[in-house]
Every structure is written in C-alpha cells, then in structure tokens.
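S.K.:
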Amino acid sequence: MEKVFVLLSTYNGEKFLSRQLDSILGQSGVDVRLMVRDDGSTDNTVALLKRYARENSNMSVFLGENVGYIKSFMWLVNNCPCVSKAYYAFSDQDDFWLPEKLLSAVEMLQQTDSSLPACYYSDLDVVDAEENFIRKANAWEGKIDKYMLSVFIGIRGCTMVYNDALQRLLAPIQVGEISGHDTYVALVAFWLGTVVYDNRSYILYRQTGSNLSITSTNPLDHLLKNFDYLSRRLGPRSNIHEKNAREVLRNYEAVYPDKLAELRAVALYRESLGKRFHLIFDSKFKSFSPIIRLFNDVLILLGKL
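In our numbering, the protein residues as written are 840 to 1144.
1) Within a Cβ cutoff of 8 Å, which residues of the same chain sit near M999, ignoring the five residues on either side of it in sequence?
2) For the region 940 to 1023, list the beta strand (DSSP E) runs that are entirely contained and at least 3 residues long, ordered along the chain.
3) Can you give me the Cβ contacts of L1088 inside the same chain, cut-off strictly under 8 Å, excluding the 5 residues immediately before and after it?
4) Could you tell me if S923 is buried or exposed, where buried requires 16 or more neighbouring beta carbons within 10 angstroms of its beta carbon?
5) Helix, strand or coil for N1050 per DSSP?
6) Can you list, in chain order, the residues of its chain with a C-beta nearer than 8 Å to that of E1086? Leave out the 5 residues immediately preceding and following it.
7) Would you report the Cα separation of D1037 and L963, rounded to the nearest angstrom?
8) Considering just the uninterrupted stretch of the alpha helix (DSSP H) at F901, what are its terminal residues?
9) Less than 8 Å between the beta carbons of S848 and Y891, yes or no?
10) Between R1007 and A1084, what straight-line distance do the alpha-carbon atoms span, to the nearest angstrom?
11) According to DSSP, what are the bridge partners of V843?
12) Can you tell me whether V1094 is buried or exposed? The criterion is at least 16 other CB atoms within 10 Å of its CB, across all chains shown.
13) Which same chain residues end up closer than 8 Å to D952 when comparing Cβ atoms and leaving out the 5 residues on each side of it in sequence?
14) Please report the straight-line C-alpha distance between S896 and K940, rounded to a whole angstrom.
15) Just list the residues that DSSP pairs W936 with in beta bridges.
16) When you compare only the Cα positions, how much space is there between S899 and G993?
17) Give the secondary structure of T1033 by DSSP, where H, G and I count as helix, E and B as strand, and everything else as coil.
18) Would you please state the rounded distance, in angstroms, between the beta carbons of A1028 and P956? I believe it to be under 8 Å.
19) Quick check: what's the CA-CA separation for Y1012 versus W1030?
20) Nearest by alpha-carbon distance to D934: which of T881, L948, D861 is it?
21) At what residues does the alpha helix (DSSP H) containing F1124 begin and finish?
22) Determine the DSSP secondary structure at S911, reduced to helix, strand or coil.
23) Let me know the secondary structure DSSP gives T881 once reduced to three states.
24) From V871, S867, E904, F1134, pick the residue whose C-alpha is nearest to that of S880; which is it?
25) Would you mind stating whether N1078 and K975 have Cβ atoms separated by less than 8 Å?
26) In angstroms with no decimal places, state the Cα-to-Cα distance between V966 and I863.
27) Is it the case that the Cβ atoms of D882 and E841 are separated by a distance below 8 Å?
28) Would you mind sorting Q949 into buried or exposed? The rule is 16 or more other CB atoms within 10 Å of its CB.
29) When the distance is taken between beta carbons, is R858 closer than 8 Å to A968?
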C-alpha cells in the first residue's frame, strides 16, 4: 500500500473532530500517517487528539502556539518527512472523508511522471452541520489553470493530495507572507509541475456559520460574501496575488527561471502603469467570469491585486 501523510491543523475543533479523525484513519487501500498540529486550542481538542494518538500508532500530535492556520499548516509541510514514493494530503478539522478519498487521488497521481511535482484536487460535496447534502461545490474548478490561479481563484486544500517530488520542493523552505497554504502549494505545482483534477467528490465539506462560502445557494449570502470579499481585498487582504507570486519567485526563480518567467507579470505589476495595463490585456490571466475579470482589472489598476 502507498504511504500517505495527512497534514491536519486543529483549533478549537472538538465538535466535529472525532468524526473527521475516524474518516481519515479509516481510509481504505493506503497506509495513512496522520500528523496533527494543534494551533493553541482552548477547548477539549488537545485532550481528544492525545486520546486518539494513544490509540493509533500511525498518528502524531504536535502542540503549538496560536500562529494562525496558514503558518500552522506550513509548519506541518516543513516538518513532515520527504519519503520516496509517498503522498501528502491536507485536511480540515470539521469535514468527513469517504473511505476511498486518498486511494482515488493516489491512483490518478500514479498516472503522472513521478519525477515531476504533481498535485491532485477534486470537487467536493457541500453539506450542512448534520451532513445533509446541499450541492456540489463548483463545476468550473476543472477549468483552473496556472494563470487563473495566479490572479483570481484558489483551490480548496481539503481536496488536495500531492506527490513526494512536490514535497521535496516545499519542505526545506520557510515561506513568507502568503494568502493560504493551499493556494501557495497549488501555485508551485501549477507552475513547476503537473496538476490533475477529479470531478468526483470524496469529501463532505461541512458548511457552518463560521465558514459560509461561495458554496452557499442563498443569493443574499452571495451578496454579503462578495461585499465582504471586496472590503477585504481593498484593505487587509490587498495584493494577495502579488504576494503569492513574489513568494513563489523568491523561492524558486533561481532554479526555474524559464518556467516562472510569466509569473513576473503578477509579481511586478505595480512597478509601472504600463505593467498594470499589460497584465489587464494579457488574455492568459483570465477568470471564469467576465464580471470577475472586470473586478480584477479594477484591482490591478488600483494596485490591490
């Protein structure tokens, strides 16, 4: 059986954590090694993790200070061993995985060149707190390419599985400011390797009041989400795509200058008005929606991409 390291960051997740741990440890057809870093929980999460670790020899628990989920997940990436022919997966604390989730990802990754970095991601089933089905997440996710990922959309880390070649690129580097561990890892994979998409779902993505997302079917939720997104993009989350691109270039451009040459258009777009217009009119850096493309063009002109 193929070895899969599952990287899970927890924070005050006692409500649904047992359900998720059981689904991870119950994966079929693979050798699971579960690594958990707790990000300073104040509820019963730590006690729950310690009990599971005592009962499962393939589970390791690390207790840390509260640094936020991005740094917590990247700590796991940095401290997870690089094992030949192994695979690596991110997990949220409140979802539920179907038994064949990891095996299905491994089988698709095995069809790629194992010497090159490769990442898998999939669709997911959005459910409510009681795991009642709401909808599939996004039919357009399979259309994402490296250009779209660089200027607009992200990939949900809970669906991602990647190979040892990608882990060898990621593990030695302490990353700076990025918008998310999953988006950063996906960018590295898209620009330097191979990405495969599975339109099947093997995960129940629990939608609660604390993680309401674009997966909601309520028009008011969409309106509030877009308003909140705009407010954050013009404020504390401005220039997130520029920061992601700069970080990828900082870490890998010296070794892969040709592969990353086009990413410089995102990393350096604020240097001049000409570069902003160049990025706006570059048809490769598109989004899946003309409205979103217009929104992004405004962000580029304002220097907020």
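In this text, a Cβ means the ideal position worked out from N, Cα and C, and glycines have one as well.
M.R.: Let's see:
1) A928, F929, C958, Y959, Y960, D1021, V1024, A1025
2) 957 to 966, 972 to 975, 1000 to 1002
3) L1099, L1102, R1103, A1106
4) exposed
5) With a pLDDT of 48 at N1050, under the threshold of 50, the predicted position of this residue should be treated as unreliable, though the coordinate-derived value follows. In this structure, N1050 counts as coil in the three-state DSSP scheme.
6) V1014, G1015, E1016, I1017, Y1023
7) 10 Å
8) Counting along the chain, F901 falls outside any alpha helix (DSSP H), though it belongs to the beta strand (DSSP E) covering 898 to 902.
9) no
10) 20 Å
11) V871, Y926
12) exposed
13) T1033
14) 21 Å
15) I1042
16) 29 Å
17) strand
18) 6 Å
19) One point to set straight first is that residue 1012 is Ile, not Tyr, in the sequence displayed. Distance between the alpha carbons of I1012 and W1030: 17 Å.
20) D861
21) No alpha helix (DSSP H) contains F1124, which DSSP labels as neither H nor E.
22) helix
23) coil
24) E904
25) no
26) 18 Å
27) no
28) exposed
29) no
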